[in-house]
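Report on the structure given below.
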Amino acid sequence: MTLAQSVRSTTVAGFPPSAWAFALRIWVAMIVGLYAAFWLQLEGASAAATTVGVLAMQTRGQAYQKAIYRILATIIGVIVSFVIAGLFPQSRELFMIGFAGWLGLCVYVGGLLDGNRAYGAVLAGYTVALVAVSQIDSPQSIFLAGVDRGAAIVVGITAFALINDLFAAPNVHTGLIGKLTKAHQRVRAFALAILRGESRHPIQWANLLREITALHPDITALVAESSAGVVEAAAAASAAVALVAEIRAASALASLPAETLLCLRGALGQGLTDSLGEESRSALQLRLQRHADGGYADPYGALFAGHGLDLLIENERAQNAIEDLQASRRPRRRIHATIYRSHRAAVRDGLRAFLAVLICAILLSLGGWPFAAEGVAQVGLMIALSAKVPNPRGFATAALIAVPIAALLGGVTEYLILDGVDQFPLLAIGLAPSVIVAALLLTIPDPRLASIAFLALPYFVLYLSPTNPQDYNPETYLFFSFMAITSVILLSVLLRIVLPTSDALRRHWYLISAREEMGDLLAGGRSRRLDDESLFRDADRIGQLAALQPAVGDERRDDLRQALDIFGRAAAVRRVRTTLAQVSARACQRLVQDGYSALAACDPPGLRRAAADLASTATQLDHEGQRVARSASLDLIWAAFVLDAGAFGLNPNKWTT
Amino acid sequence: MHGFPELTIGGVLVAPFVIYAGAAMAIFAVLRPFFHVAAFDRAFSSPPIAELSFYVLILALLMVLF
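Protein chains in written order, with numbering that gives the first Met the number 0: chain E, 0 to 656; chain Y, 0 to 65.
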């Protein structure tokens, strides 16, 4: 074992050195940010430390991307605070409705995005809560509160970026290469198992797609990480899209009879594992192409060869793109990894945020408590954050645990550990235990524990609220803590009763949207996306479906089977439309129109007839025309096959959720 | 000697350093895509620190020149 390996395998109190380095970076950045904010005599200096807590992400790219969105969203949020306060200066009711409407809109927009972009959208919403709602009794202070918050956030971000750079925080780039390489190995293993004739459970397919599409936030974070980020993000997106296309090709092979082209399966497997030389690989591709050109003579053999060829091409594309990513080179193919987000879910989340804020404002104002405005602001913040996680109820449960713990730790640190001292070094030492432990817990892969730590870290700083000098006002601490805990309890109740989105409802929406898009595609609707971009988007929808709890009594995961069925068929239909469009420039328009008509009518015999007509006409065309016509003919046969073979058919009455 | 540029937003005087820092960030953001073309990443063992130093250099130049 080398020294580096032995250091990596060493643990201190159960945590590896990388986790301790991360926790120490967070603590040092927090202290540097606080010191700079105190030195600049900023009013809201504690926001600098809170910013570090919020940006506590393990890689530089993710942290920088989040920082950029935090600045942009804060600027937007502060401007909207002025607008809302200016529009409704004399009416608290209208002010609250305006705030709730803005928060709902931001939550809706956040629902259409992912990763740090979704965070930026919801932050623009709850910045109004922190800047304007908490100053509802003194609107003339909103401008100063906004400027103070903005300044403290910039100081916190600068401190965090400086510490991350100086202490060599890990890069997204390195981690993403590892994740894509592992995903590529798994996709190859999946394809090899199919070539051996083994059957795969839909959940395995879906999880593989989910593993790849879940890399999207990391891919977008690359842009912020380094000067080569744009090129690296393009290479990573190209690799991810190629991997999804490789799974599609493998799943197409799985749907063909197991005895098809047995003689070629071994060579295809060797081609995938790179154990063939360059010459043998070219010979294999030529053989496959010859079988594919056979078309009607042996339809299954031709389809197998066509998809086998696709498998080899996509495997090579993925490999090349990963190598481009490693070398920070521009990829040979420029393609976007487009994500899927449910509009229905986003609208419901936005409406929930709007209603929850209004209900909470009514309840807290009826209570007549001091700090009621802070309570509304806290509910707004929490409801916005809960909308950007896959499981809002789980988030509320984590908040129910994290917020009281953070309040307790804040109180213990302020009144037992610091207990009246005002020297900065003692504040730094007093912060250390809670900050370091919370940052260590953030590194644990358990999502529940990580959610609790993610909330406890900034909330601890919020309750401690370091100022220069520290004011040690137990009354403020108690009221603020009481209001925050009440808000979290309210949030937890509101999330359960106001427009809750169950997994069953999400499943229904995902399947409905897949069918609607499939219907549009058959009817001739074309999107501006490339075929593989649409394929990645469909894979993202399946990944989200796989993350949901299965329906009661659905051990076979019929929902995933339906989604995968539509995934394969949509890919086949898109491909037919693309190749028919290529043929239309070279061959008789009537033949092409026959193909389109059969597709729109979901008529497999009609598709086969169009394929046969195209294949017979191909002989009259030039070399390139023959190639395109044969390819279109094969795609038509494949479309007829998948429309025939679909377990659920295209009749909507047969579909279940 | 030259005076500091002053910026006032809504009656609030913004520190000259903020303007310098913002302008330096904008220039840095414009120049950053060219770093990759110039193989900036491969010229240094720690590109993040080199980029940070470059930013400080732009900031210092702005402060000296304007």
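All C-beta atoms, glycine included, are put in the ideal place defined by N, C-alpha and C. None of these values were measured; they are calculated from a predicted model.
DSSP places E/Val130 within a helical segment (H, G or I) once states are collapsed to three.
For Y/Pro15, no CB of chain E lies under 8 Å from its own CB, so it is not counted at the interface with that chain. At least one beta carbon of chain Y lies nearer than 8 Å to the beta carbon of E/Ser226. Taking CB atoms only, Y/Glu50 has a neighbour in chain E less than 8 Å away. Not flagged as an interface residue toward chain Y: E/Val497, since no C-beta distance is shorter than 8 Å. In this structure, DSSP gives E/Thr49 a helical state, which the three-state scheme calls helix. Nearest neighbour of E/Leu425 by Cα position, chosen from E/Pro468, E/Leu261, E/Glu92 and E/Ala455, turns out to be E/Pro468. Scanning chain E for C-beta atoms nearer than 8 Å to the C-beta of Y/Val11 yields Phe142, Leu143 and Val146, reported in chain order. For E/Thr180, the uninterrupted alpha helix (DSSP H) segment begins and ends at Val171 to Leu194. The count of Cβ pairs closer than 8 Å, one atom from the segment 192-200 of chain E and one from the segment 250-267 of chain E, reaches three, so the stretches are in contact. Contact annotation, E/Phe81 with E/Ile141: C-beta distance approximately 7 Å; criterion of less than 8 Å satisfied. E/Arg573 is a Cβ neighbour of E/Asp530, given a cutoff of 8 Å. C-alpha of E/Leu598 to C-alpha of E/Ala301: approximately 20 Å in a straight line. Residues of the same chain with a CB within less than 7 Å of the CB of E/Ala236, apart from the 5 flanking positions on each side, are Ile218, Ile334, His335 and Ala336 in chain order. For Y/Val63, DSSP assigns no beta-bridge partner whatsoever. For a Cβ distance threshold of 8 Å, residue set Pro32 and His35 of chain Y lies close to E/Val229, ordered along the chain. Here DSSP, grouped into helix, strand and coil, assigns E/Thr412 to helix. Here E/Leu267 is not near E/Gly305, since their CB atoms are 8 Å or more apart. Within chain Y, no residue has its beta carbon less than 9 Å from that of E/Ser8; the closest one is some 25 Å off. Taking all protein chains shown into account, E/Asn163 has 16 or more neighbouring C-beta atoms within 10 Å of its C-beta and is therefore buried. Taken through DSSP and simplified to helix, strand or coil, E/Leu165 comes out as helix.
At a beta-carbon threshold of 7 Å, the residues of chain E lying near Y/Phe39 are Ser226, ordered along the chain.
Listed by position along chain E, the residues whose Cβ is nearer than 7 Å to that of Y/Ser44 form an empty set, because the closest Cβ is around 10 Å away. Counting along the chain, Y/Ile8 sits inside the beta strand (DSSP E) bounded by residues Leu6 to Ile8.
The Cβ atoms of E/Arg514 and E/Asp558 do not sit closer than 8 Å to each other. For Y/Val11, the enclosing beta strand (DSSP E) starts and ends at Val11 to Val13. The C-beta of E/Ala84 comes no closer than 8 Å to any C-beta of chain Y. When DSSP states are grouped into helix, strand and coil, E/Val11 belongs to the strand group. Listed in chain order, the positions of the segment 322-349 of chain E with a beta carbon within less than 9 Å of a beta carbon of chain Y are Ser327. Judged by DSSP in its simplified three-state form, E/Ile78 adopts helix. About 5 Å separates the Cβ atoms of E/Leu242 and E/Val186, confirming a contact at the 8 Å cut-off. Between E/Leu439 and chain Y, the shortest Cβ-Cβ separation is not below 8 Å. Around E/Gly60, the same chain offers Val171, Ala220, Leu221, Ala223 and Glu224 as residues with beta carbons nearer than 6 Å, after the five sequence neighbours per side are excluded.
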